[in-house]
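Scroll down for the structure; my scribbles are underneath it.
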Amino acid sequence: MKKIFLLAFTFIFALAVQAQDKIEWMKFEEAVAANQANPKMLIVDVYTDWCGWCKKMDALTFQDPKVVEYINDQFYAVKLNAEDTQRTFEFMGKKYSEAEMAAVMRVQSYPNFVIIDPTLKNITQLPGYREPEQFLEGLGYIVKKGFRGQ
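Here the sequence shown stands for residues -19 to -1, 1 to 131, numbered as in mature numbering (1 follows the signal peptide of the UniProt record, and there is no 0).
And the structure:
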């Protein structure tokens, strides 16, 4: 019986550790729905397919265990392709393509990280490539200053 308990505990622990090994990216509308059930800030990674710095963020910064843990804990994480005119979704009663939403959020450079408060009304931007420590510092500043739309 002890062996079964130990095996089950090890399996559950391994799943918990594995769950934090990558950022839990969502579609914009999925993050909005999750926010309705459990309010949290959204971080929207606005990227393009041709952006080398975007790819570097994906390969390095977004693989850092501290970044992964912090984003998964504090935010609903969204990937938004600033040039995708095909995929559409509804937000606040209007239909948008990903490209249209990037324009509405006034994103003009890539990568750009748009932070949306839990009320889905206030946004701020954290533009440009950042190493893990710099990225965490920027996000921490936004969270600590109380960017929650309250």
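Cβ atoms here follow ideal geometry from the backbone N, Cα and C, with glycine treated the same way.
Taking a contact to mean a Cβ-Cβ separation below 8 Å, would you say residue i touches residue j in this structure?
i   : j    : result
M7  : V85  : no
W31 : Y110 : no
E81 : L61  : no
On the DSSP letters alone, give me the boundaries of the beta strand (DSSP E) that residue i sits inside.
i    : result
M22  : 22 to 28
I104 : 104 to 108
Restricting to Cα atoms, I'd like to know which of the options is closest to residue i.
i    : options               : result
Q106 : K37, V88, M38, G121   : V88
Q44  : E114, I97, M73, Y122  : E114
P46  : L120, Q67, F56, I4    : I4
P99  : V124, E118, Y77, K76  : V124
E10  : L117, E118, G121, Y77 : Y77
L101 : F72, A83, K37         : F72
T66  : T29, I52, N53, E50    : T29
With a CB to CB cut of under 6 Å and the five nearest residues on each side skipped, what residues in its chain are close to residue i?
i    : result
P108 : S90, N93
V25  : V59, L61, V95
G119 : L107
In the DSSP assignment, find the alpha helix (DSSP H) that holds residue i and state where it starts and stops.
i    : result
F116 : 113 to 125
Kindly list the residues whose CB is nearer than 8 Å to the CB of residue i, restricted to its own chain and excluding five residues on each side of it in sequence; keep chain order.
i     : result
L41   : E112, P113
K21   : A15, Q55, F56, Y57, P99
L(-5) : Bear in mind that the predicted position of L(-5) carries a pLDDT of just 48, short of 50, making it too unreliable to give a figure here.
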